[in-house]
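Numbered per this note's numbering, the sequence shown spans residues 100 to 250. Here a beta-carbon is modelled for each residue, glycine too, at the ideal position from N, C-alpha and C. Please read these numbers as outputs of a predicted model, since none were measured by experiment.
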Amino acid sequence: MSGYSGEGVRGLFLGILIPSLYLIPLVAVYFLPKDFGFGHRWLVYVGLACAALGLIVWIAGFASLGKRLAVFPGAESLATGGIYRWIRHPVYVGISLNLLGMFLACGSALGLAYLALVVLPLNRFRAKREEQALIENFGDAYRLYRDRTFF
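Below, the structure is given as structure tokens:
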């Protein structure tokens, strides 16, 4: 879910901008000098494990949505199965874990700063917008679901 709606130029702009904000740090880390694991081999492995876990959570989020997958929440039913039993926004959690792991493995302080200052606030903003729409659509059913799940 993207957390934005709009048509025309605004929709196109957001449709390009938001995914780009996730891709920019990956491209930057690829080209910048690396200090793998910040000089600690074990941190490379921790980072790779975190990145792999993030990828699994991310994919599980998409897979669990099934036909509910949409640019903006407007589904007729609430996704509460699969990974959504535990995590309300697994795509955002997965992206964040994946980036965290890659930045740790590559030893990218710049990447970690970008994650903390851009990606995490962006995910939080998008999740709040989606949750407002889900509360409007599902009311107390969504509030109960929100109260028993992680982000």
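With residue 239 as the anchor, note down where its alpha helix (DSSP H) starts and where it stops.
-> Start and end: 239-246.
Quick one: using the 10 Å Cβ neighbour count with 16 as the cut-off for buried, is residue 150 buried or exposed?
-> It is buried - the Cβ of residue 150 has at least 16 other Cβ atoms within 10 Å.
Please name the residue or residues paired with residue 249 in a DSSP beta bridge.
-> BP columns for residue 249 point to 186.
Secondary structure, alpha helix (DSSP H): runs of 4+ residues fully inside the stretch 118-149 | Within the stretch 118-149, no run of alpha helix (DSSP H) reaches 4 residues while sitting entirely inside it.
Report the three-state DSSP secondary structure of residue 210 (helix, strand or coil).
-> When secondary structure is reduced to three states using DSSP, residue 210 falls in the helix class.
Can you tell me whether residue 193 is buried or exposed, with buried defined as 16 or more other CB within 10 angstroms of its CB?
-> Residue 193 is classed as buried because its beta carbon has at least 16 other beta carbons within 10 Å across all chains shown.
CA-CA distance, residue 212 and residue 176?
-> Cα to Cα, residue 212 sits roughly 37 Å from residue 176.
Express the C-alpha separation of residue 119 and residue 209 in angstroms, rounding to a whole number.
-> One C-alpha to the other measures close to 17 Å.
Check each candidate in 196, 243, 144 and name the one with the smallest Cα separation from residue 219.
-> Nearest neighbour of residue 219 by Cα position, chosen from 196, 243, 144, turns out to be 196.
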